[in-house]
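A.B. asks:
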Amino acid sequence: MDLNKGYYIYTFGCAMNEYDSERISSSLEIRGYHQVLDTREATIIILNTCSVRAKPEIKIASYLGVIAKDLKRNDRDVIIGLTGCVAQDQGKKLLKEFPLVNFVIGTDAVANFDELIERALAGERFVDTSLMTETFVIEKFKRKSKISAQVTIMKGCENFCTYCIVPYVRGVEVSRDVKEITDEIKALIAGGSKEIMLLGQNVNSYRGKLENGSIAGFSDLLGSVNEIAGVERIRFITSHPKDFDKELVDTIAKLDKVCKYIHLPAQSGSNNVLDKMSRCYTVEDYKSKIDYAKSVIPNISFSSDFIIGFPDETEEEFQESLDLIRYVDFDNVFAFKYSSRPGTKAATYKDSLDNATKSRRLAELFALKDEIVTVKLAKLIGKEFEILVSGRSSKDSSQFHGLTEQSRGVAFSSSKDLKLGDMVNVRILEARPNSLLGEEIE
Ligand code: SAH
Ligand code: SF4
Ligand code: F3S
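Sequence positions in the sequence shown follow my numbering and run 35 to 476.
1) At a cut-off of 6 Å, would you count N51 as near the ligand SF4, judging by its Cβ distance to the nearest heavy atom?
2) Quick check on the DSSP output: the beta strand (DSSP E) that includes E420 runs from which residue to which?
3) For the pair the segment 263 to 282 and the segment 302 to 312, tell me if three or more CB-CB distances fall below 8 Å.
4) Helix, strand or coil: which one does DSSP assign to F147?
5) Does N333 pass the burial test, meaning 16 or more other C-beta atoms within 10 Å, or should it be called exposed?
6) Tell me whether Q184, by its Cβ, gets closer than 6 Å to a heavy atom of the ligand SF4.
7) Taking all protein chains shown into account, decide if A250 is buried (16 or more other Cβ within 10 angstroms of its Cβ) or exposed.
8) From S338 to T382, what distance separates their C-alpha atoms?
9) Does at least one heavy atom of the ligand HEM sit under 6 Å from the Cβ of D123?
10) In chain order, which beta strand (DSSP E) runs of at least 3 residues are fully inside the segment 326 to 379?
11) When you compare only the Cα positions, how much space is there between V208 and Q433?
12) At what residues does the alpha helix (DSSP H) containing A156 begin and finish?
13) When you measure from the CB of R360 to every non-hydrogen atom of the ligand SAH, does any distance come out below 6 Å?
14) I need the DSSP call for V112, collapsed to helix, strand or coil.
15) Excluding sequence positions up to five away, which residues of its chain have a Cβ less than 8 Å from the Cβ of L255?
16) In chain order, what residues of the same chain have a beta carbon less than 6 Å from the beta carbon of L411, not counting five sequence neighbours either side?
17) Output the residues surrounding the ligand SF4, defined as those with a CB atom closer than 6 Å to any ligand heavy atom, in chain order.
18) Any heavy atom of the ligand F3S inside 6 Å of the beta-carbon of G177?
19) Check for me: the beta strand (DSSP E) holding V137 runs from which residue to which?
20) Work out the CA separation of S227 and V265 for me, nearest whole Å.
21) Does the segment 112 to 120 come close enough to the segment 396 to 409 that 3 or more CB-CB pairs lie under 8 Å?
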C-alpha cells in the first residue's frame, strides 16, 4: 500500500450525498488511492457537504479548522476538496474563505470528478458548480458490495417548499434512463446486494426514458425493478405526499418486492403552516392518502419528517402536528428544528419564536414518538417477520442480526449457519427500547 495515497472522505447529509461519495471513492480507488479513517493519514481530504440545515455548515468550518492545525504542525502536503450542497451553494466564496481548500465541486459537476481530480493533482485551485439541465447520466462506477445498496434515479427538485434549499443546490429535476438504472441494479445484485433503495428528492416525479423512447413514470420503474431476478426488497426515498396517489399505492400493493413501509414526510399537521410551507396538500389530504393506503395494504406502515418551529408556529399549530402523529401511528418520526436558509422564501418570514420554545416542542414530539414506538414494539412480541440477514450480532456473536421490512433491527438465534443476505422467518420474543430479540422459525 502506498502511504502517500490515502484518501479521507466525510459525508454529511442525505443518501444522495452518500451515493455521490461512493462515486468519488470509486474514482480515487481506480487511481490507486485507498480510504483512510484519519485525516492525518490522508493526502486527499474530501468533505461532501450538506446545507439543508445550518449546523452542517458550521461543522465544515470546524472540521477545516482541525485539519488546518494538523497540517501546520506537521507541514504536510495535502489536497483538500469540498463537494456536495454547500459547495454548490457557496462555490467561489469557499475558496476565498478557506485558503486551505484546493477545489470546490458542485452536486452535478461531481460527474466530471475523474477529470477534475487530475486538475487538482496538477496543482490547480478551482471551482466547478455547473449544473446539468438536459440529461442526467451517471457513468458506471465501481460499487461497494453491500446487502442494501442505494441507486440514484433522478436529480434535483422543483417543489420549492419555502423553507428548503435543495432546489437551489440540486437544480432542476432530471431522471436517468430506465435501462441505466436497471443495469446498475443488475450489477449490484451480481455483486451480492439484496435490497435496493431508489433515491430521489421527489421520486414520484420520476420520468425516465425507455429504450423505445417512451417515458416511464415512477410506478413503471418500480415494476421494472421488481422484475429483476435476485432483488429481494425495494425501498425508495423520498415520496412527496402531494404526489403519493392511488396509482402508486396500487402499484406498491401489487409488487411483492416493494417494502410496505413508506417514508412520507408530512412536515406539519397544521393547514396554516403547510400553506406557508407551500407543501401543496392539506392535513385532510395527507390523512386520506394514508387511510387509502391502509385500506388497500393492511400491513403498511409509515415514517415521516416534521419541522418544528416554522416561523411563528403557534402552540395550537404545533399540537396539530402531534395530533397527526397520533392519527397515523407512525413507525418512526424524524423531526428537525426549523433552520432559516438564506435565499429561500421562508427566510423572509417574520419569526418571533424563541429557541427555548422550539427545543421544548421538539422534546415533546420525541416523547410522543417514544410512547407510540413503545406500544408498537410490545405488540410485536409473538409475531413473525421475514428478516434480511445482515450479519452476526455485534453484542453476542452466537446471534444473528437482520432487518424487517419496516427497517427494524432484530437480533435472533438460529441453529443454521446463516449467511449475509439470507432471508429467514423470525418470531419476536422480546422487545427492548432499541432492539428486538427473536428466534428463527422453520
Ligand atoms: N425531498 C425530501 C426531503 C428533503 S430534506 C422531502 O421533500 O421530504 C429532508 C428533511 O429535512 C425534510 O423532510 C425536512 O423535514 C427537513 N428540512 C428541510 N429544510 C429544512 C429547514 N430549513 N429547516 C429544518 N428542517 C428542514
Ligand atoms: Fe425540499 Fe420540498 Fe424539494 Fe423536499 S420536496 S427537497 S422539502 S423543496
Ligand atoms: Fe443535504 Fe443536499 Fe441532501 S442539502 S439533505 S446533502 S440534497
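For every residue, glycine included, the Cβ atom is placed at its ideal position computed from N, Cα and C. This structure is a prediction, so every number in the text was calculated from the model and none was measured.
C.D. replies: Let's see:
1) It does not: the Cβ of N51 is nowhere closer than 6 Å to a heavy atom of the ligand SF4.
2) 418 to 426
3) no
4) In this structure, DSSP gives F147 a helical state, which the three-state scheme calls helix.
5) exposed
6) no
7) buried
8) 26 Å
9) Ligands in the displayed structure: the ligand SAH, the ligand SF4 and the ligand F3S; the ligand HEM is not one of them.
10) 335 to 342, 366 to 371
11) 44 Å
12) Taken as a continuous stretch (DSSP letters only), A156 belongs to no alpha helix (DSSP H), as it is neither H nor E.
13) no
14) V112: coil per DSSP, three-state reduction.
15) I187, V212, I215, L232, Y240, G242
16) A465
17) C191, N193, F194, C195, C198, V200, P201, Q235, N236, H274
18) Inspection of the sequence shows that residue 177 is occupied by Arg rather than by Gly. Remark: the C-beta of R177 is outside contact range of the ligand F3S, defined as less than 6 Å to any heavy atom.
19) The question names Val, but residue 137 in the sequence shown is Phe. In the DSSP assignment, F137 falls within the unbroken beta strand (DSSP E) covering 137 to 139.
20) 8 Å
21) no
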